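Q: What follows is a structure written as structure tokens; I'll ask about it next.
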């Protein structure tokens, strides 16, 4: 019986901790990891930062988010590699986009601009300003379109 | 209390506690998850709004169909420093066109634009009724509790009776078991080690009891036999002495001694008789008519106990015929009659009723007798010359033939009822 | 009359011997199977009192031997085991009577008399004492050759005394013998007294030479008058 009570108490504590530790946190740009700052300084040189956010889940940092004063937004995973570059009202800096995708888009849709690029463990997703979404595998072969 | 009830009730209590804890945890987790989800959406929405405002794109007008509302206001640098970070909160908002307030969740966040001007964005979105959620969880928990409990109990009862079958078999067998009576062997095959061990233990212990019982019977028999010869010698020497010329006083003493000896030998004979009944040494059975048997015995008693002026009331509404050994039938009747005559006071009353299904012998008495009267050597009041074995013999004979002898005390009458 | 007592308990053996010698019997004793077999092989007896529980063998075997030897001895089995099986077996093997221990010496003497009488004069089954003659198989009593009518209990009492003349008969023993074992807890013997009174009167009226004497109020003794 004692054991059961103990287990219950521990579980309750864990749950409540989770409930309170789920908050994202605003940070100063300078406080971000070097890798993130390097990415920003490389690809968004001279652009002002509207806010920088550290995303957390149960005490663990799960990623970072930087919003620029131009309305552009970059998200990083917890290894500080970029996950998403969202430039809905301008265009993703060409230096961010892998060469193969850039070439593919330039070739197939010469008039379109890339406004958003996302990557995860399985594929790349590219959004064009003409309302098209392209999917590439990690070897940059086109998987499909999505509109 | 039956084991199954105890287990079931304990299980119910434990389940109640567990499910209550579980309900609370579930509620907290659920709420947390919902808030997380809302917060995420809010953050997303906030990020969109910020991006729009920074990019100088036209802001959505309220209401935009999502029920979300927002407000952006410029704030000072100090305010921004003090309120950095994102805050979430719950609130009640009034719904347009309705007096009711509804729960909502809000988010405020700070950002700055190119010029270094800080802004505070506040986003509010309707959220769920916590009350509703709590009630839903509570009622579902109760449903779950009842359902789970019923299922568990049903399964448990089923499994319990399935697995405890050998135990119940054994208990039933052991319940019916009496030492010394040949009983059908225990048939209780089980693969469960504990139960088979229990079976063995019970069998071993019954065997031991049987052995002891057997030894005891033999011992009583042997001891009684061995006593017979010395008793005969004592008695006969005194009798020879009685045939010589003796004074009255001497003769009186000797006679008293012979009476005592007689009592010892009667006791001895009763013990032998009992052990013979126990050993089933009266195999020959015949149909014995108790009406006739009793009527042949009664005159002797009436004559011998005439000085007591006992009123005898013999009723024969039926014929009692039992298939049994004749000498045992005689012993049965004689002991019951003797018991009645000896214990009835002067001018008392004896009622005998013979029916097709049984025999009732009742006599006057003042107080009910102890229920141990059928035990060997139990004597309520010491009676001269009594062996204390008469009713034990009656009981042994009845047991041997599977008949029932019961004692009751009603209307100041001791009543012995023999059921065929 | 010659009697052989086969009994392993010396004290009981001596007692039986003394008691029976008083009744003018010639007594031989044997304390075990071997001696008994020897004696039975050599001598003839009128009656054998046989304890069937002997230290060196079952007395019933002796009975079989006797049967094999075609001897005419009457045999009374004496046994501490009052068991029906033994009784039946013994009687089947040719014993004439069966007496369970403990017994009264008067009873023993009565049984011997009865057995011998049956054995010796088959036709003439009378017991006589004084001028009283009883024919047990016909339940008839003659006093001075005149038939005497007696009640059932009176007859039983007289017969009991006839087998045990000159012996003191305890009231309780008499009660048990005539009214049965069940009477053992009676503490008032007026019913015996009543019967004895009637019996005495009938005997006296018939001119009997025999009298049932009261002994100090303990019991009775049947004696010849004068």
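Protein chains in written order, with my numbering: chain A, 10 to 156; chain C, 111 to 530; chain V, 441 to 666. C-beta: ideal position from N, C-alpha, C; glycine also. Just so we're clear, the structure is a prediction, and the values are computed from it rather than from any experiment.
#1: Using a Cβ-Cβ distance under 8 Å, would residue 531 of chain C count as near chain V?
#2: Does the distance from the CB of residue 79 of chain A to the CB of residue 164 of chain C come in under 8 Å?
#3: Comparing alpha-carbon positions, which option in V:531, V:515, V:451 lies nearest residue 553 of chain V?
#4: Taking CB distances under 8 Å as the criterion, tell me whether residue 82 of chain A reaches chain C.
#5: Taking the alpha carbon of residue 252 of chain C as the point to measure from, which residue in C:154, C:333, C:133 has its own alpha carbon closest?
#6: Taking 8 Å as the threshold (beta carbon to beta carbon), is residue 448 of chain C in contact with chain V?
#7: Please say whether residue 581 of chain V and residue 595 of chain V have beta carbons closer to each other than 8 Å?
#8: Please report the distance separating the alpha-carbon of residue 112 of chain A from that of residue 46 of chain A.
#9: Does the segment 130 to 141 of chain A touch the segment 136 to 154 of chain C, meaning 3 or more C-beta pairs lie closer than 8 Å?
#10: Note the first and the last residue of the continuous beta strand (DSSP E) segment covering residue 596 of chain V.
#11: Contact check, residue 420 of chain C vs residue 454 of chain C under 8 Å by CB: the rounded distance?
#12: Buried or exposed for residue 88 of chain A, please, with buried defined as at least 16 other CB atoms from any protein chain shown within 10 angstroms of its CB.
#13: I'd like the ranges of any alpha helix (DSSP H) spanning at least 4 consecutive residues and lying wholly in the segment 142 to 202 of chain C.
#14: If residue 305 of chain C sits next to residue 277 of chain C, beta carbons under 8 Å apart, how far is it from one beta carbon to the other, in whole angstroms?
#15: Measure the CB-CB distance between residue 661 of chain V and residue 606 of chain V and report whether it falls below 8 Å.
#16: Start and end of the beta strand (DSSP E) containing residue 102 of chain A?
#17: Using C-beta distances below 7 Å, list every residue in its chain close to residue 407 of chain C, excluding the 5 sequence neighbours before and after it, in chain order.
#18: Report the partner residues of residue 213 of chain C according to the DSSP bridge assignment.
#19: Using a Cβ cut-off of 9 Å, which residues of the segment 394 to 420 of chain C contact any Cβ in chain V, in chain order?
#20: Just to confirm, does residue 227 of chain C get its C-beta within under 7 Å of one of the non-hydrogen atoms of the ligand GTP?
#21: According to DSSP, what are the bridge partners of residue 65 of chain A?
#22: Give a yes or no on whether 8 Å exceeds the smallest Cβ distance from residue 538 of chain V to chain C.
#23: Does chain A have any CB closer than 8 Å to the CB of residue 499 of chain C?
#24: Looking at C-beta atoms only, is the number of pairs between the segment 148 to 155 of chain A and the segment 120 to 131 of chain C that lie closer than 8 Å three or more?
#25: Out of V:459, V:663, V:644, V:641, point me to the one whose CA is closest to residue 549 of chain V's CA.
#26: Measure the C-alpha to C-alpha separation of residue 508 of chain V and residue 663 of chain V and round it to an integer number of angstroms.
#27: Any contact of the segment 414 to 429 of chain C with the segment 358 to 371 of chain C, i.e. 3+ C-beta pairs under 8 Å?
#28: Given this structure, state the Cα-to-Cα distance separating residue 503 of chain V from residue 453 of chain V, to the nearest angstrom.
#29: Could you tell me whether the Cβ of residue 153 of chain C comes closer than 8 Å to any Cβ of chain A?
#30: In angstroms with no decimal places, state the Cα-to-Cα distance between residue 200 of chain C and residue 177 of chain C.
#31: How would you list, in chain order, the residues of chain C whose beta-carbon sits under 9 Å from the beta-carbon of residue 458 of chain V?
#32: What residue range does the alpha helix (DSSP H) around residue 524 of chain C cover?
#33: For the structure I just gave you, are there three or more beta carbon pairs, one from the segment 456 to 473 of chain V and one from the segment 512 to 522 of chain C, closer than 8 Å?
#34: Of the residues C:141, C:376, C:111, which one's Cα is nearest the Cα of residue 90 of chain C?
#35: With respect to the alpha helix (DSSP H) encompassing residue 367 of chain C, which residues constitute its N-terminal and C-terminal limits?
#36: Do the segment 626 to 633 of chain V and the segment 455 to 475 of chain C touch if we need at least three Cβ pairs shorter than 8 Å?
A: With the given structure in hand:
#1: Only positions 111 to 530 of chain C appear in the structure, and residue 531 of chain C is not among them; the question remains open.
#2: Closer than 8 Å, so yes.
#3: With distances taken between Cα atoms, residue 553 of chain V lies closest to V:515.
#4: Cβ-Cβ to chain C under 8 Å: yes for residue 82 of chain A.
#5: Residue C:133 is the option with its Cα nearest to residue 252 of chain C.
#6: At least one chain V Cβ lies under 8 Å of residue 448 of chain C.
#7: Yes, the pair counts as a contact, with Cβ atoms nearer than the cut-off.
#8: If I take the Cα positions, the gap works out to 27 Å.
#9: Judged by pairs of C-beta atoms under 8 Å, the segment 136 to 154 of chain C does not touch the segment 130 to 141 of chain A, as fewer than three such pairs exist.
#10: In the DSSP annotation of this structure, residue 596 of chain V is not part of any beta strand (DSSP E); the continuous alpha helix (DSSP H) holding it starts and ends at 592 to 603.
#11: Confirmed, Cβ separation roughly 5 Å.
#12: The C-beta of residue 88 of chain A has fewer than 16 other C-beta atoms within 10 Å across all chains shown, which makes the residue exposed.
#13: Along the segment 142 to 202 of chain C, the alpha helix (DSSP H) occurs as fully enclosed runs of 4 or more residues at 187 to 192, listed in sequence order.
#14: Yes, residue 305 of chain C and residue 277 of chain C are in contact; Cβ-Cβ is about 6 Å, under 8 Å.
#15: Yes; because the gap between Cβ atoms is below 8 Å, this pair is in contact.
#16: Per DSSP, residue 102 of chain A belongs to no beta strand (DSSP E) and is neither H nor E.
#17: Cβ within range, chain order: 443, 444, 447.
#18: C:202.
#19: Answer in chain order: 394, 407, 410, 411, 413, 414, 415, 416, 417, 418.
#20: Looking at this structure, you won't find the ligand GTP or any other ligand, since it has none at all.
#21: In DSSP, residue 65 of chain A forms a bridge with A:70.
#22: For residue 538 of chain V, no CB of chain C lies under 8 Å from its own CB, so it is not counted at the interface with that chain.
#23: Chain A contact via Cβ: absent.
#24: Fewer than three pairs of CB atoms, one per stretch, sit closer than 8 Å, so the segment 148 to 155 of chain A makes no contact with the segment 120 to 131 of chain C.
#25: For residue 549 of chain V, the nearest C-alpha among the options comes from V:459.
#26: Straight-line Cα distance between these residues: approximately 43 Å.
#27: Counting C-beta pairs closer than 8 Å gives fewer than three between the segment 414 to 429 of chain C and the segment 358 to 371 of chain C, which falls short of the contact rule.
#28: So the two alpha carbons sit approximately 19 Å from each other.
#29: With 8 Å as the cut-off, residue 153 of chain C counts as an interface residue toward chain A.
#30: One C-alpha to the other measures close to 16 Å.
#31: Chain C residues near residue 458 of chain V: 350.
#32: Careful: residue 524 of chain C lies outside any alpha helix (DSSP H), inside the beta strand (DSSP E) at 523 to 529.
#33: By the Cβ rule, the segment 456 to 473 of chain V does not count as touching the segment 512 to 522 of chain C, because fewer than three pairs are nearer than 8 Å.
#34: Past the boundaries of the shown model lies residue 90 of chain C; chain C is included only from 111 to 530, so the question cannot be answered.
#35: Going by DSSP, residue 367 of chain C is part of the alpha helix (DSSP H) stretching over 358 to 388.
#36: Flag = no, the segment 626 to 633 of chain V and the segment 455 to 475 of chain C do not touch.
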